[in-house]
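Heads up, the thing below is written out as structure tokens.
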Amino acid sequence: MKTNVNLWWILAGFFLLCFGLYTGWNIIDHSIAWYHAIEWVGSVVLLFTAFMAIMIGFYVDRVHRAQGGELPEDVLTSDIDDGDPEIGEFSPWSWWPLVLAFSAALGMIGLAVGNFLLPIAGAVFLVAIVGWVYEYYRGYYAR
């Protein structure tokens, strides 16, 4: 993970170097040309790409520090059992994600074909969300 942070900082430095070279070359080239107009789109794109690499490097660095160093997945000598935490509770028998996906598909079809399908998709969405949230509060798996 720490290697990824260093790679993002190197990438940000590369884009800053490209920004400087591109802008300087553009200014030199257009000072010789007869129209004297500088093309700023490439310079702005390279600068913002460097800023995005800096943001991603900062985020990855913060996550690395928050997790307390290296994870077992990052250490080459670790076993599979070392990085096997409890992730959450999942319902492999649940049909509600399928109904939720159907409501999203119906909503997209409603946007493409006609707006009359959007309220129907919204109603199916509400039923799917309520059913998925409350599936453990009724029936065989009630708590």
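Note that the sequence shown covers residues 0 to 142 in numbering that gives the first Met the number 0. Beta carbons: idealized from backbone N, C-alpha and C, even for Gly. Since this is a predicted model, take the numbers as computed values, not measurements.
Of all the options the options, which has the alpha carbon lying nearest to the alpha carbon of residue i?
{"i": "Asn25", "options": "Gly12, Val40, Phe14", "result": "Val40"}
{"i": "Val98", "options": "Val74, Leu125, Val112, Ile79", "result": "Leu125"}
{"i": "Ile37", "options": "Thr22, Val44, Ser102", "result": "Thr22"}
{"i": "Val4", "options": "Leu110, Val44, Glu69", "result": "Glu69"}
Is residue i helix, strand or coil when you go by DSSP?
{"i": "Thr22", "result": "helix"}
{"i": "Asn3", "result": "helix"}
{"i": "Phe14", "result": "helix"}
{"i": "Gly121", "result": "helix"}
{"i": "Val126", "result": "helix"}
{"i": "Gly113", "result": "coil"}
With residue i as the anchor, note down where its alpha helix (DSSP H) starts and where it stops.
{"i": "Tyr136", "result": "No alpha helix (DSSP H) contains Tyr136, which DSSP labels as neither H nor E."}
Please state whether the Cβ-Cβ distance between residue i and residue j is less than 8 Å.
{"i": "Ala127", "j": "Trp92", "result": "no"}
{"i": "Phe18", "j": "Ser42", "result": "yes"}
Quiz prompt | Length at least 4, wholly inside the segment 23-107: the alpha helix (DSSP H) runs in chain order | solution = Correct list: 40-65.
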